[in-house]
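Engineer: Protein chains in written order, with the working numbering: chain Z, 1 to 346; chain G, 347 to 692; chain P, 693 to 1038; chain A, 1039 to 1384.
All C-beta atoms, glycine included, are put in the ideal place defined by N, C-alpha and C.
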């Protein structure tokens, strides 16, 4: 019998409604490269959802591609990008940012996040140098929302960061690979329009939230829009059958599907979290989203692993392991029940 | 009424069998990043089809991505890639190769092709320089099969190129974005196993031959295999739900579907070509594959354009235009008939 | 006995006045990185000579470094630089431009030059494309003055190019590695202030015109000045003892030394040219500067090579070779006489 | 009256013997690009001094250029370089390494150094990852000798690092911008031949040790030698009048001048250090070389600054500042005496 998988949020294909739309439209003839009617409509729907009627929306296949394309499009050659040391671009993209010639200026994270004060201090430090030109100039800020460990920025945290960005004319870029799971957390006090008003560029992750693949990059800042399609193509991100991305985001944003499925996944994760805490396990970090990081004794992990696939995150002292447990739009309630049942047996 | 589109070979979605398999497997839980059972099976099938049991097979989403990843993986920093001046990497990838730090060393094409003699001369010229280190060192050869104008290399042409490559230890890389349409041309005397034996690396294009997207990179040369997955990830080409690529290539290579649908598309194109020639039109280039380039008087083009979408390629003297007409796995016989009927009315 | 060398314009050290000044200032203590009083004074002198009182002046060690630093500072990532196919950046810099991620968009040269019409046509062609974003966007123009084959642009040619650049907002960058030898040719109708008014950025070559090494980059266009020192450092071009560059250019521009020595070298070259033509030899190109390219029968070349070092440029039909003969600030009149004497014996 | 400068080791020109040799050879005619007899002889002398008769020796103008050229020559595209977080390449080169596409994998320093154990742990961590290909692969080790804060590795520390490098086939590269001041410290137990036997590549700094400019890159590892001149040119580091570098290193290594002048500078620095410590000041780090880092009350710093230029390094608690005091080959004994006298007055 196959084990039930909770190790990540990309174990399955796409939401059935998306598959259905891909089937229905399969033999339509459209132009390529994202200029078809489906992409146009998806763009409209996303602009509406963001309350950002003038934003440019571009569809890319994956997150690393989106990060690389946006960051290299925004920076001057001698600039770097400020990010948490745990940021995806600093850790898990095989140097894709450096491949475009830019340094990731990593700041120490607290629960996966960085603060306005840290960014401000980094800028002050840079310009206080006798010869700042001997160092990489900080040229933009990268945040993940939610972060790589499932945490989210509060509205006031984002506003403070925005203020620092304004002070130093730093574009603010938000990696929203799991954006839905952040915005739909009951602990989140940020709305999509608010995020769109605060960020210069951000993306709405599809790959982990219902789509087969796809990230919708939203460029809000007028000054950063020019020639972005050149940058997409240069990074190999111009999908020939671009409509595949359009159809998926059209479906996700036509009637709020994106948020509905994200909300359900977060509920499942919080439910599991509650049981874990009730059983006395400590969380590595207090995540309000679809990723939960719990510290388990190794014998508990072994026992759970007979029936479930969890994701060991890092070894801890005392024969324990921090373990990631993920839900997603595709997580079945019966599988959550099975896990909870097993936990309650412990 | 929507016009019938012949302007490219990526107007539709995927072959129905692929869509069906994507539906059937949609809720399977698999690991990500191309290490799932579908990818494994697809690799096996491709190795068999290539009679290259030790080849490494990697699945990438698109052609520019495949070209960039392979070329930057193969070259030393100061090396460039020899290619036809009409080569896709030299013209239509927004400098994606240069973005990785490498010059495209363009040689003048004849009908989209370059010859062993040209490559040999380029190598001799480089090393005859007094200080060759002041110039980019040619480090590999890039060919398109079929070329961007639909032509194909003969077996003896490829063998001669292979010989030159061996003489100078130049890896030979074949861009097979339309490989099926080349191999399945009645004028082609090269088989897939022969190609696999001659090239160091090549790819089998899926995007234009039945798949939603996807290119299967085959690394035959043992010395070039190491750490290729790092290069994929670094270029943003590691698809989270890698199985989508596996499932598609599994379907295409399970029982020869890839070749059947390619053969049909080539037949359709040659049929159209025959009618065009019978009507006295000249071809820009004598293509034996799914892309046909015909020189039409502008008034003929205008008339055809009322019902069909063709692709103007370049303006010609005498109020004429070279026009690309493409078929693909998705081209319906009734649409070919409609075009032929219209041509016969002229 | 050592042969007399005419093969290039960097066979010797520096003009004696420069050596003297380096000796005199050797034990002065100054700050580093080009912010010392010598650099400041040299900047002032250059601004005066250019009649460009607001220009930024930066000192770099060599030509390839200057080209790379300027071009990568000016271009957006997806842009390329228009240049003659014979341009130094396209041929003799081992892909240093591509190493920064940019394509050299080579246009066919006529006597080493490109024209306003060619640039205009290239721009029109780019934007006439259906999807220009699939191609590298031309982002600036690079000219060599004099060119790699010794020719020079006339004032009206430069004005026409400037006009095209304005039309498309393309910065114009002039590589002046041999600038003195161009401006001081009797056939030149361009002055340094005129050049400074026409170019956005250019450099005044020292390495080949009296200095040990050094190129003075002059940024005239206000919008291109920002953060150039970061770009210098990023490319490894920030000389610790920057004053060495300051002292040299201070000496060259204090009382017109730069132009005096350049003028003398050009006179010598034109004198040799006259004798060559009187003897009935054809010139490969009609150069009015310090580099002369003559077509010699191989037996003549062999005979001359017993006493002189000339630079074979390219083999020609009929057992002949195009040969480069260079003079420089360091060329002694008696050596020119010796060459002429030998030529007259033929 | 001009202040006496102790703020860095590149305040003056070159050692008088070097100036004299540059004068003597000024009008010699030689070939360019480092292939002249002076470079050849300098190479021989360096090979002898290193007892590395087969090493390749290349001359570059500056340190950032040397680091960038070597590191990009050694790494595969997806690899990064392990370095101390205080390493020059990580802090003070404006991202020149990232500009070549590579991440600096910074490890926390202890007194400017990293250890064999840290490197071993980093390698284990990388390969223990489930998918190491999602992270930058460590591809070489970079050490500074002496470090940026003046400390030096002991022979046993270097041997331990060498052992780890061998275990993982990591090339070891030593940045010797101040090599002389390290090797000539009385606390140093490493000789130049030992260093040459332990490193794969290293360089002997000239800029800070007697030369106008110049670093001699020594490639010991046979497998890393190929085509290095292409890499030099590609990075704009091929000096036209390469002999300037040859003449300088010829002079420095002809009869041990390099070591004599380095030893004297270190003696001066240690003398100053002794006085500082006798006066009760604490050192920021215990440096046995020409750079001393002392923590001074701000009023002391102000008082000293009336007559001397020192280099404030970082502000410390309690109204104190860590200050760098440098000697060099050019530091006059009377200036050291003046500083000591002033210190004794405190």
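(1) Going by DSSP in three states, residue 867 of chain P sits in which element: helix, strand or coil?
(2) Tell me which residues share the same chain as residue 902 of chain P and place their Cβ nearer than 6 Å to its Cβ, disregarding the 5 neighbours each side in the sequence.
(3) Given that a residue counts as buried once 16 or more other Cβ atoms are within 10 Å of its Cβ, and exposed if not, what is residue 802 of chain P?
(4) Do residue 533 of chain G and residue 634 of chain G have their beta-carbon atoms positioned less than 7 Å apart in this structure?
(5) Taking just the CA atoms, how far does residue 99 of chain Z sit from residue 569 of chain G?
(6) Let me confirm a value: residue 848 of chain P is counted as buried when at least 16 other C-beta atoms fall within 10 Å, else exposed. Which label applies?
(7) How would you label residue 697 of chain P, buried or exposed, when you count the other beta carbons within 10 angstroms and need 16 or more for buried?
(8) Please report the distance separating the alpha-carbon of residue 417 of chain G from that of residue 443 of chain G.
(9) Residue range of the alpha helix (DSSP H) that residue 97 of chain Z falls in?
(10) Classify residue 181 of chain Z: buried if its beta carbon has 16 or more other beta carbons within 10 angstroms, exposed otherwise.
(11) Does residue 394 of chain Z have its Cβ less than 7 Å from a Cβ in chain P?
(12) For residue 670 of chain G, which option in G:641, G:682, G:652 has the closest C-alpha, if you only look at C-alpha atoms?
(13) Who pairs with residue 60 of chain Z in a beta bridge, going by DSSP?
(14) May I ask you to list, following chain order, the residues of the region 786 to 798 of chain P that have a beta carbon less than 9 Å from some beta carbon of chain G?
(15) Determine, using beta carbons only, whether residue 929 of chain P and residue 725 of chain P come nearer to each other than 7 Å.
(16) Contact criterion: CB-CB distance below 7 Å. Does residue 1115 of chain A meet it with respect to chain G?
(17) Check whether chain Z comes within 7 Å of residue 580 of chain G, counting only Cβ atoms and requiring the distance to be less than that.
(18) Taking 7 Å as the CB-CB limit, is residue 142 of chain Z close to chain B?
(19) Does chain A have any CB closer than 7 Å to the CB of residue 576 of chain G?
(20) Let me know the secondary structure DSSP gives residue 720 of chain P once reduced to three states.
(21) Which residue marks the beginning of the alpha helix (DSSP H) containing residue 42 of chain Z, and which one marks its end?
(22) Quick one: list the residues of chain Z neighbouring residue 829 of chain P, beta-carbon separation under 8 Å, in chain order.
(23) For residue 844 of chain P, which of helix, strand or coil comes out of DSSP?
(24) If we call anything under 7 Å between Cβ atoms a contact, is residue 748 of chain P one with residue 917 of chain P?
(25) Which residue from Z:199, Z:127, Z:219, Z:77 puts its Cα closest to that of residue 54 of chain Z?
(26) Once you ignore the five residues that flank residue 1001 of chain P on each side, which residues in its own chain have a CB closer than 8 Å to its CB?
(27) Does any residue of chain P have a CB that is nearer than 7 Å to the CB of residue 438 of chain G?
(28) Using a Cβ cut-off of 7 Å (strictly closer), state whether residue 418 of chain G contacts chain A.
(29) How would you list, in chain order, the residues of chain P whose beta-carbon sits under 7 Å from the beta-carbon of residue 33 of chain Z?
(30) Tell me where the alpha helix (DSSP H) around residue 1154 of chain A begins and ends.
(31) Find the nearest neighbour of residue 794 of chain P within the set P:785, P:814, P:807, P:772, judged by alpha-carbon distance.
(32) Is the beta carbon of residue 21 of chain Z less than 7 Å from the beta carbon of residue 247 of chain Z?
(33) Tell me residue 776 of chain P's beta-bridge partners as DSSP assigns them.
(34) Alpha carbon to alpha carbon, how far is residue 546 of chain G from residue 517 of chain G?
(35) Is the beta carbon of residue 83 of chain Z less than 7 Å from the beta carbon of residue 142 of chain Z?
(36) Run down chain Z in chain order and give the residues with a C-beta less than 7 Å from the C-beta of residue 558 of chain G.
Structural biologist: On the basis of the coordinates in this document:
(1) strand
(2) 707, 944, 953, 1021
(3) exposed
(4) yes
(5) 23 Å
(6) exposed
(7) buried
(8) 8 Å
(9) Per DSSP, residue 97 of chain Z belongs to no alpha helix (DSSP H) and is neither H nor E.
(10) buried
(11) As shown, chain Z starts at 1 and ends at 346. That puts residue 394 of chain Z outside it, with no answer to give.
(12) G:641
(13) Z:215
(14) 786, 787, 789, 790, 791, 792, 793, 794, 795, 796, 798
(15) no
(16) yes
(17) yes
(18) Of the protein chains in the structure, Z, G, P and A, none is chain B.
(19) yes
(20) coil
(21) 37 to 50
(22) 227, 230
(23) coil
(24) yes
(25) Z:219
(26) 695, 696, 697, 698, 699
(27) yes
(28) yes
(29) 823
(30) 1154 to 1166
(31) P:772
(32) yes
(33) P:799
(34) 6 Å
(35) yes
(36) 241, 244
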